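Below you'll find the structure, written out as structure tokens, and then a few comments.
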DNA sequence: ACAAGTTCTGTAATCGATTACATCAATGGT
DNA sequence: ACCATTGATGTAATCGATTACAGAACTTGT
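Chains as they are written, first to last, in full-length UniProt numbering: chain A, 1 to 351; chain B, 1 to 351.
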């Protein structure tokens with residue numbers, strides 16, 4: 001069977017409800033009811049209509065339906081472009097599965113640049129979209145016009161809930177970062193190199209707090225930590241590695257902002273002849289699959305990526321269903337999940 | 001400034017064109033013209049209307065516009081879920097950038113399972129979407145109903161163009177796989193282990209051909225190749241590694257279907273005490289960033305991932321603009337791009 | 001000052017589906 | 001046998017924008 005031929009048989013224009021009505025010899029109202037409230041029709045009428053629907057291959061035009069109903073089944077998800085795909089892919093998977101269960105479809109809006117973002121702002125304001133999820137701390141904002149101005153129900157996932165005042169599903173970044181430090185202190189490390197992320201980033205700020213308080217709790221002074229700003233990407237791992245190598249008195253352990261950064265860091269210091277974990281311990285963050293396949297296997301903090309996406313999407317669906325925020329989430333406006341330490345080969349006790 | 005307060009000031013309902021008309025003291029037609037054909041209005045009328053638009057924060061409802069105009073600015077992109085995120089992320093980036101330039105918005109449809117796919121089929125048939133891109137060889141097809149039945153303009157990227165008869169943008173998989181073999185033969189390898197992908201997959205089939213012909217051209221018999229079916233994921237690399245280890249007489253080189261598989265394969269055989277490239281050479285496929293950060297750095301075939309997405313999206317946009325396929329692409333219906341060998345540390349000449 | 005032509009703006013039809021209300025038929029009660 | 005009630009279906013308004021056409025206002029030429 002040649003598919004190209006099959007497609008040519010398709011009518012040039014998609015069948016409308018009136019085409020079905022004509023074919024079945026009923027009114028458009030009856031067709032509409034046959035599809036949305038079959039019980040209200042006499043069985044024989046219903047069957048006649050459904051037969052015509054099947055014969056014509058009719059699918060209701062959802063644009064018209066949406067205009068009339070005033071609501072949409074589309075959810076816009078804002079994602080950072082080109083950053084940490086293995087992490088976001090899994091969060092998106094949780095989102096996608098959950099939205100699908102609730103009958104929503106996902107529009108992915110990559111944060112990219114100004115003109116690009118403007119399109120997303122207009123999309124949100126244009127009535128096409130029912131709600132908004134953001135997995136990015138930065139939100140489209142062009143010329144003082146924010147994507148939030150559209151007033152759509154919105155939920156932040158792993159992103160700063162403060163700026164926007166949005167309900168949020170978050171990792172307990174503070175605790176998770178403290179776990180990194182505690183793990184290293186427990187192994188006897190006394191001086192740490194911290195390869196962090198961009199200034200102003202919510203996750204970075206929260207983790208900073210956790211690190212500081214864990215240092216204190218572990219009896220170390222703030223000077224025990226040398227910080228270097230990275231970017232959550234491979235590039236930051238390389239420059240961070242170079243910065244580490246340039247130190248005259250190198251700390252024995254390194255905390256990385258995410259796994260990709262950690263992997264690039266390890267690669268960089270190894271090329272310079274250092275051995276991990278013999279010469280230094282390295283711990284990552286995120287728990288992407290790959291962290292278990294690199295050399296040495298990477299100790300890290302696993303985030304419940306799928307669950308973060310799932311719970312965030314569920315929350316949005318609840319809000320779209322008309323529930324009040326107070327009914328579906330804690331007073332604080334936040335649902336907080338915990339990271340989990342995966343101690344592997346890249347961290348080791350000091351001799 | 002408290003954003004939550006700002007949002008509360010928003011009118012409960014988005015302003016309509018008639019609200020603007022009232023505010024400006026003109027008819028709805030004039031408002032519409034002020035936005036779409038400003039030259040046709042007396043400058044003072046136009047300014048009055050635009051002032052009202054700005055004052056109310058009016059954005060045209062694109063659902064109504066779409067219903068009237070009969071066309072949409074949404075493109076549905078079908079992507080495999082949970083497979084090789086680093087690869088697809090970059091292809092998607094090329095697609096997204098290109099669609100954005102042309103004023104389109106991307107809906108990501110992950111291939112997942114039956115109910116999930118049914119939603120995508122209905123989305124395509126519902127008039128919501130202008131066109132279709134697929135980066136997946138499998139297309140949503142539930143109960144004999146295919147997403148292609150909607151008759152949308154569609155383009156395949158890196159995916160089987162045969163089944164669907166779609167215009168396609170492809171990597172020359174046959175040539176690329178031949179390059180893998182040629183590289184290994186040039187290094188003196190005479191027996192190869194081939195960790196391939198799922199049976200029936202277009203890329204797998206084409207590469208198979210390239211491998212066979214390159215073996216022949218290199219003077220090797222087909223028996224020089226031992227094939228093991230993987231899955232383009234980490235798991236396939238592990239099971240493939242175990243299969244390799246179980247061989248009594250192991251080939252000196254291994255060809256992998258993609259980089260993630262190769263990385264997991266390397267990890268597996270190393271845990272068993274084998275050294276790469278001392279004991280065996282391994283070559284991957286795709287050229288994801290990570291391939292240059294693992295240990296040892298991975299020889300691979302780089303795909304022009306961004307360009308594949310870009311060219312595919314451009315082609316779809318041309319078709320949506322009403323161009324005939326013959327005007328914007330070769331007679332064959334295919335645009336073919338070449339891979340590039342990246343020879344790194346995981347492959348080495350036999351002694 | 002008036003006809004003819006421009007220029008500008010308003011009225012109303014339209015896109016395709018949903019649904020309140022109207023209408024008509026069938027049923028049951030007395 | 002007739003009225004009231006229920007059930008089934010049709011008619012037409014509606015969602016919010018665009019645009020063909022109509023009509024008003026304003027020029028210009030004679």
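Ideal Cβ positions, reconstructed from N, Cα and C, are used throughout, including at glycine.
Since we're looking at a predicted model, the values are computed, not measured.
- Judged by pairs of C-beta atoms under 8 Å, the region 267-287 of chain B does not touch the region 208-223 of chain A, as fewer than three such pairs exist.
- In the DSSP assignment, residue 195 of chain A falls outside any alpha helix (DSSP H) and within the unbroken beta strand (DSSP E) covering 192-196.
- Runs of the beta strand (DSSP E) lying entirely within the region 146-218 of chain A and spanning at least 3 residues, in chain order: 154-157, 168-171 and 192-196.
- Taking a contact to require three or more Cβ pairs closer than 8 Å, the region 97-113 of chain B and the region 297-304 of chain B do not qualify as touching.
- A contact is defined here as three or more CB-CB pairs under 8 Å, and the region 138-157 of chain A meets this definition with respect to the region 113-125 of chain A.
- Judged by DSSP in its simplified three-state form, residue 299 of chain A adopts strand.
- For residue 134 of chain B, the secondary structure class from DSSP, reduced to helix, strand or coil, is strand.
- In this structure, residue 315 of chain B keeps its C-beta atom at 8 Å or more from the C-beta atom of residue 337 of chain B.
- With contact defined as three or more Cβ pairs closer than 8 Å, the region 82-99 of chain B and the region 71-89 of chain A are in contact.
- Secondary structure of residue 304 of chain B (DSSP, three-state): coil.
- Between residue 139 of chain A and chain B, the shortest Cβ-Cβ separation is not below 8 Å.
- For the options A/278, A/181, A/63 and A/16, the alpha carbon positioned closest to that of residue 190 of chain A is the one of A/181.
- Every beta strand (DSSP E) stretch that sits fully inside the region 209-274 of chain B and reaches 3 residues is listed by chain position as 225-229 and 253-256.
- The shortest CA-to-CA distance from residue 125 of chain B to any of A/150, A/56 and A/164 is the one to A/56.
- If the five residues before and after residue 346 of chain A are omitted, its C-beta is found closer than 6 Å to the C-beta atoms of 276, 277, 282, 296, 298 and 299, all from its own chain and listed in chain order.
- Beta-bridge pairing by DSSP links residue 59 of chain A to no other residue.
- A residue is called buried once 16 or more other Cβ atoms fall within 10 Å of its Cβ, and residue 312 of chain A is buried on that count.
- Non-local C-beta neighbours of residue 27 of chain A in its own chain, meaning closer than 7 Å and more than five positions away in sequence, comprise 21, ordered along the chain.
- In the DSSP assignment, residue 99 of chain B falls within the alpha helix (DSSP H) that extends over 85-101.
- Taking a beta-carbon distance threshold of 8 Å, residue 110 of chain A counts as an interface residue toward chain B.
- Just measuring C-alpha positions, the residue of A/183, A/18 and A/47 sitting nearest residue 285 of chain A is A/183.
- Taking a Cβ-Cβ cut-off of 7 Å, residue 183 of chain B has no neighbours in chain A, whose nearest Cβ is about 23 Å from it.
- For residue 62 of chain B, the neighbours in chain A by C-beta distance under 7 Å run, in chain order, 126, 127 and 128.
- Rounded to whole angstroms, residue 168 of chain A and residue 330 of chain B show a C-alpha spacing of 50 Å.
- Residue 337 of chain B is bridged by DSSP to B/171.
- Counting the other Cβ atoms within 10 Å of the Cβ of residue 310 of chain A gives 16 or more, which makes it buried.
- Remark: C-beta atoms of residue 127 of chain A and residue 154 of chain A do not approach each other more closely than 8 Å.
- Within the same chain, 269 and 272 come within 7 Å of residue 245 of chain A by CB-CB distance, once the 5 residues on both sides are set aside.
- Interface residue (Cβ-Cβ distance to chain A less than 8 Å): residue 294 of chain B is classified as such.
- By the CB criterion at 8 Å, residue 263 of chain A and residue 293 of chain B fall inside the cutoff.
- Taking each of B/260, B/85 and B/252 in turn and checking the Cα distance to residue 230 of chain B, the smallest one comes out for B/260.
- C-alpha of residue 85 of chain B to C-alpha of residue 33 of chain A: approximately 43 Å in a straight line.
- Here DSSP, grouped into helix, strand and coil, assigns residue 126 of chain B to coil.
- By the rule that beta-carbons nearer than 8 Å mark a contact, residue 59 of chain A touches chain B.
- Residue contact check for residue 189 of chain A against chain B: no CB pair falls below 8 Å.
- With respect to the C-alpha of residue 234 of chain B, the residue from B/71, B/257 and B/227 having the closest C-alpha is B/257.
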